[in-house]
Amino acid sequence: MIILQILLNGILLGGFYALIGVGFSLVWGVTNIINLAHGAIALLGAYITLFLFQHYGFDPFLSLPFSFIPLFIFGYILQRFLLNLVVKAQIFMLLILTFGIEIFLVNFMTTFFSADFRSVTPDYAGESLIVGNIVIPYIRLGVFAICVLITLLLSLFLNKTWTGKAIKATSLDIDAAMMVGINPAKIFAITFAIASGLAGVAGSLFSLTQAFSPSVAGALTLRAFIVSILGGLGRVEGALLGGIILGIVETLSSYIIGESYKNAITLAIMVLVLVIKPTGILGKKYFAEVKH
Amino acid sequence: MKKSVILFFVFITILILLPFLVSGYWLRVLTQTFMFAAIATGSNIIIGFTGYPAFGNIAFFGIGAYVTGVLMTKYNLSFILTLPFCALSGFLIATLLGIPLLRLKGHYFAIATIGVMEAIKEIVDNMTEITGGGMGLTLPIMEGDPAYIYKFFYYAILSIMLLTVVIAFLIFRSKFGYALRAIRIDEDAASVMGINTSLFKTISWAISGALVGIAGGAYAYWLTYIDSSTVFQTSYSVKMFAMILLGGGTTVLGPMIGAFILELVSELVWSKFIEIHGMILGLLIILIVIFIPKGLFETFKGGFSFKRIIINLRENKL
Chain Z
7 MIILQILLNG
17 ILLGGFYALI
27 GVGFSLVWGV
37 TNIINLAHGA
47 IALLGAYITL
57 FLFQHYGFDP
67 FLSLPFSFIP
77 LFIFGYILQR
87 FLLNLVVKAQ
97 IFMLLILTFG
107 IEIFLVNFMT
117 TFFSADFRSV
127 TPDYAGESLI
137 VGNIVIPYIR
147 LGVFAICVLI
157 TLLLSLFLNK
167 TWTGKAIKAT
177 SLDIDAAMMV
187 GINPAKIFAI
197 TFAIASGLAG
207 VAGSLFSLTQ
217 AFSPSVAGAL
227 TLRAFIVSIL
237 GGLGRVEGAL
247 LGGIILGIVE
257 TLSSYIIGES
267 YKNAITLAIM
277 VLVLVIKPTG
287 ILGKKYFAEV
297 KH
Chain V
643 MKKSVILFFV
653 FITILILLPF
663 LVSGYWLRVL
673 TQTFMFAAIA
683 TGSNIIIGFT
693 GYPAFGNIAF
703 FGIGAYVTGV
713 LMTKYNLSFI
723 LTLPFCALSG
733 FLIATLLGIP
743 LLRLKGHYFA
753 IATIGVMEAI
763 KEIVDNMTEI
773 TGGGMGLTLP
783 IMEGDPAYIY
793 KFFYYAILSI
803 MLLTVVIAFL
813 IFRSKFGYAL
823 RAIRIDEDAA
833 SVMGINTSLF
843 KTISWAISGA
853 LVGIAGGAYA
863 YWLTYIDSST
873 VFQTSYSVKM
883 FAMILLGGGT
893 TVLGPMIGAF
903 ILELVSELVW
913 SKFIEIHGMI
923 LGLLIILIVI
933 FIPKGLFETF
943 KGGFSFKRII
953 INLRENKL
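The listed protein sequences derive, respectively, from chains Z and V. Numbered according to the numbering used here, the first sequence spans residues 7 to 298. Numbered according to the numbering used here, the second sequence spans residues 643 to 960.
Right, here's the structure in full:
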């Protein structure tokens with residue numbers, strides 16, 4: 007029975023990982039940027055939720071739009087007026103640049119919100135759904151449901167709307183996209199905006215399930231990275247699969263080997279997947295990779 | 643080339659004489675600068691010469707620090723004798739990691755090295771019996787009066803920096819160095835020309851790992867207390883990269899000059915704005931990447947001009 011509980015915990019955690027990974031994966035797939043500031047952007051969402059909850063008693067679930075919209079705008083501006091300027095430089099320039107942004111944001115948060123661990127605890131925080139021997143906290147269930155829902159909505163958006171199709175077209179062949187009247191500078195900015203907005207939402211949900219401080223930004227980015235690597239770049243379904251695999255691996259290894267080795271195992275898996283199949287389990291040569 | 647070599651020697655002579663002229667505070671700042679210059683120059687062998695962005699190269703710094711720490715506390719070895727072991731462990735670990743990882747390209751490689759660094763940090767944290775785990779490791783304190791100790795570390799780390807620069811220079815001028823540059827420019831072509839690319843890449847990373855490892859060993863004894871979060875610091879990685887970028891990775895002296903500029907400027911700025919120094923570091927990195935991605939050397943070869951900055955901007959824009 008305990009193994010069932012562990013698997014369930016892993017899947018519930020995996021939903022969150024999918025949401026944090028999907029935007030990261032999309033940006034990587036479309037713009038070929040590995041956004042090392044992704045985790046820091048997510049934490050901005052967490053602090054927005056914390057702020058609204060502490061000062062106005064906002065229900066954390068209702069604060070999701072308030073973390074999505076400002077971070078969407080922030081992401082748009084960041085890509086349009088900063089990242090687009092160096093998008094054609096050597097690959098690791100962008101890596102350094104986004105790391106510079108990460109350092110800036112983490113220190114910004116440390117200065118304004120202090121380095122203390124915070125958490126958001128609404129009244130219903132302790133309540134759980136109990137089925138037989140299995141305990142499912144309502145919050146985790148809610149977080150999982152929202153994460154899966156948003157991931158599916160994103161998939162619909164990419165496949166059904168004009169903008170979504172334009173994003174996919176740009177990622178496949180930037181020159182051809184320009185020929186049919188797509189402005190890649192705008193599409194890159196919108197892609198980054200969506201990713202940042204979703205990261206913000208993921209951060210808000212993160213604040214509900216775990217205590218957080220600016221120092222966890224790197225760990226969140228790392229998870230996003232592993233999810234994209236596992237699932238394949240720019241693939242929404244891949245992110246869902248990758249997230250759930252990561253969630254299960256983490257909870258299982260914590261149980262079997264111990265909490266203190268959890269990160270080392272996650273990292274080992276990442277390096278292993280990188281070495282064996284850099285394009286991810288579901289991935290093929292995809293998006294931005296093709297043109298090189 | 644001649645002119646820069648003469649300038650380099652003048653510069654070194656000044657550095658050797660400085661401890662008799664400046665205060666202990668500045669000795670400390672300069673020692674730290676030498677340390678970063680050594681890390682940046684050593685890492686540049688794989689990053690700038692060979693073109694493999696080893697983002698997590700600070701891993702070898704941490705390894706070196708722990709090798710010195712463990713050998714001095716558990717085996718009572720003297721400080722100088724631990725340094726060859728730092729180099730050896732950096733060399734061996736880089737060789738072992740290089741075989742699988744150097745097959746990766748571009749940011750896959752960069753990220754894999756970050757992953758490796760974090761994994762090594764985790765392992766060090768979990769080997770409590772040897773490394774002290776989360777409690778860290780306290781090294782034997784050096785005997786003597788503070789003024790002597792300051793000078794000792796000043797000259798020790800200056801020597802390490804010089805050793806690194808000389809080795810980087812020898813590599814740069816050798817056939818091996820030409821092969822590395824060929825790999826950077828076009829690996830497939832280099833391979834067709836008969837260069838054993840995987841062997842050369844691995845050796846270049848191993849040398850880089852050894853040199854960075856020595857810097858780490860010296861740092862551990864200087865600090866006398868180390869724990870995993872001080873010696874495996876990603877912010878050191880970023881600083882190192884910013885230094886290489888600032889000076890230019892395609893040259894021997896670029897990273898060192900970058901280190902001097904960045905460390906001394908940041909010391910001046912940060913001593914005034916201690917609260918927001920992290921934000922300033924972030925901004926500085928952003929500005930360097932946007933305006934002088936090729937490094938100061940390459941960008942302003944014929945003197946400073948805004949035109950070159952604008953050309954850089956145009957080239958990389960979408």
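Even for Gly, the Cβ is constructed at its ideal location relative to N, Cα and C.
Kindly list the residues whose CB is nearer than 8 Å to the CB of residue i, restricted to its own chain and excluding five residues on each side of it in sequence; keep chain order.
i	result
Z:I75	G203
Z:Y130	Y144 and I145
V:P935	L887, N954 and N958
V:S908	H919, I922, L923 and L926
Z:H298	Bear in mind that the predicted position of Z:H298 carries a pLDDT of just 37, short of 50, making it unreliable; the figure below should be weighed with that in mind. Here the set comprises nothing.
Z:L89	T37, I39, L100, L103, T104, F194 and F198
Can you tell which of the options has its C-alpha closest to the C-alpha of residue i?
i	options	result
Z:A52	Z:V279, Z:M99, Z:L77 and Z:S31	Z:L77
V:M677	V:L955, V:W864, V:S913 and V:T941	V:W864
V:P726	V:A860, V:G945 and V:M898	V:A860
V:I765	Z:I271, Z:M276 and Z:P190	Z:I271
Z:F98	Z:F212, Z:N38 and Z:T197	Z:N38
V:T724	V:L734, V:F733, V:I735 and V:V712	V:V712
Z:G138	Z:I8, Z:L226 and Z:V207	Z:I8
Z:I282	V:S879, V:L743 and V:K943	V:L743
V:F842	V:R826, V:I856 and V:R956	V:R826
Z:T215	Z:L247, Z:A183, Z:S125 and Z:P190	Z:S125
Z:A217	Z:T127, Z:I26, Z:Y82 and Z:V279	Z:T127
V:I681	V:I791, V:K763, V:A824 and V:W847	V:W847
V:L800	V:P661, V:F948, V:F942 and V:K949	V:P661
V:Y970	V:T675, V:L960 and V:I648	Missing from the structure shown is residue 970 of chain V; chain V here goes from 643 to 960 and no further.
V:L904	V:S665, V:H749 and V:V671	V:V671
Z:S69	Z:V154, Z:L211, Z:I275 and Z:F123	Z:L211
V:W1026	V:D767, V:K716, V:A789 and V:I741	Outside the displayed range of chain V (643 to 960) lies residue 1026 of chain V, so it cannot be described from this structure.
V:I783	V:A679, V:N718 and V:F650	V:N718
V:F902	V:M803, V:V931 and V:S913	V:M803
Z:V28	Z:F64, Z:T116, Z:A121 and Z:L159	Z:L159
According to DSSP, what are the bridge partners of residue i?
i	result
V:S877	Bridge partners of V:S877: none, in fact.
Z:T134	According to the sequence displayed, residue 134 of chain Z carries Ser and not Thr. According to DSSP, which records beta bridges pairwise, Z:S134 is partnered with Z:P143.
Z:T157	Looking at the DSSP assignment, Z:T157 forms no beta bridge with any residue, so it has no partner.
V:I868	V:L779
V:F883	Its beta-bridge partners do not exist; DSSP assigns none.
Z:R241	Its beta-bridge partners do not exist; DSSP assigns none.
V:R815	DSSP, once it has assigned bridges, lists no residue as partnering V:R815.
Z:F218	Z:R124
Near residue i, which residues of its chain fall below 7 Å by C-beta distance, leaving aside the five closest residues on each side in sequence?
i	result
Z:G209	A48, L49, L50, G51, A52 and S73
V:L663	none
Z:T257	I12, N15, G16 and L19
Z:A46	E108, L111, V112 and A223
Z:I140	L10, Q11 and L14
Z:F293	In this prediction, Z:F293 has a pLDDT of 46, which is less than 50 and means its spatial position is unreliable; what the coordinates show is noted afterwards. Excluding residues within five positions, the ones whose Cβ falls inside 7 Å are G35, V36, S177, L178, L239 and G240.
Z:T227	L42, H44 and G45
Given residue i, which residues of its chain have a CB within under 6 Å of its CB, disregarding the five upstream and five downstream residues?
i	result
V:G999	Here chain V comprises residues numbered 643 to 960, so residue 999 of chain V is not present and cannot be evaluated.
V:D869	G778
Z:F150	L18 and G21
Z:Y23	R229, V233, G249, L252 and G253
V:F751	Y694
Z:V296	Here the model assigns Z:V296 a pLDDT of 41, short of 50, so the residue's position is not dependable, and the following value carries that caveat. Nothing listed; no residue qualifies.
Z:L247	G237
Would you say residue i touches the ligand PLP, meaning its beta carbon is less than 7 Å from a heavy atom?
i	result
V:L746	No copy of the ligand PLP appears in this structure; indeed no ligand is present at all.
Is residue i close to chain C, meaning its C-beta is less than 8 Å from at least one C-beta of that chain?
i	result
V:Y796	Protein chains in the displayed structure are Z and V, and chain C is not among them.
Positions along the stretch 918-952 of chain V whose CB lies within less than 7 Å of some CB in chain Z: Of all residues in the stretch 918-952 of chain V, I918, G920, M921, L923, G924, L925, I927, I928, V931, I932 and P935 have a Cβ within less than 7 Å of some Cβ in chain Z.
Cβ pair count under 8 Å reaching 3, the stretch 889-906 of chain V against the stretch 764-780 of chain V: Not touching, per the Cβ criterion.
Using Cβ-Cβ distances below 9 Å, what residues of the stretch 116-146 of chain Z are close to chain V? T116 and T117
Which residues, in chain order, does the stretch 68-96 of chain Z contribute to contact with chain V at a C-beta distance below 8 Å? If you check each beta-carbon in the stretch 68-96 of chain Z against every beta-carbon of chain V, the ones closer than 8 Å belong to L88, N90, L91, V92, V93, K94, A95 and Q96.
Would you be able to state if there are at least three C-beta pairs under 8 Å between the stretch 925-941 of chain V and the stretch 878-887 of chain V? yes
Contacting positions in the stretch 689-706 of chain V - beta carbon closer than 8 Å to chain Z: P695 and F697
Below 9 Å between beta carbons is the criterion; list the residues of the stretch 866-883 of chain V that meet it against any residue of chain Z, in chain order. T876, S877, S879, V880 and F883
Determine which residues of the stretch 180-212 of chain Z have a Cβ less than 8 Å from any Cβ of chain V, and write them out in chain order. P190, A191 and F194
Please list, in chain order, the residues of the stretch 259-289 of chain Z that have any C-beta partner in chain V closer than 7 Å. S266, Y267, N269, A270, L273, A274, M276, V277, L280, V281 and P284
What residues in the stretch 29-57 of chain Z bring their beta carbon closer than 7 Å to a beta carbon of chain V? I40
Which residues of the stretch 102-113 of chain Z have a Cβ closer than 8 Å to any Cβ of chain V? Give them in chain order. I102, L103, F105, G106, I107, E108, I109, F110, L111, V112 and N113
Pairing CB atoms from the stretch 726-736 of chain V with CB atoms from the stretch 702-711 of chain V, are three or more of them under 8 Å? yes
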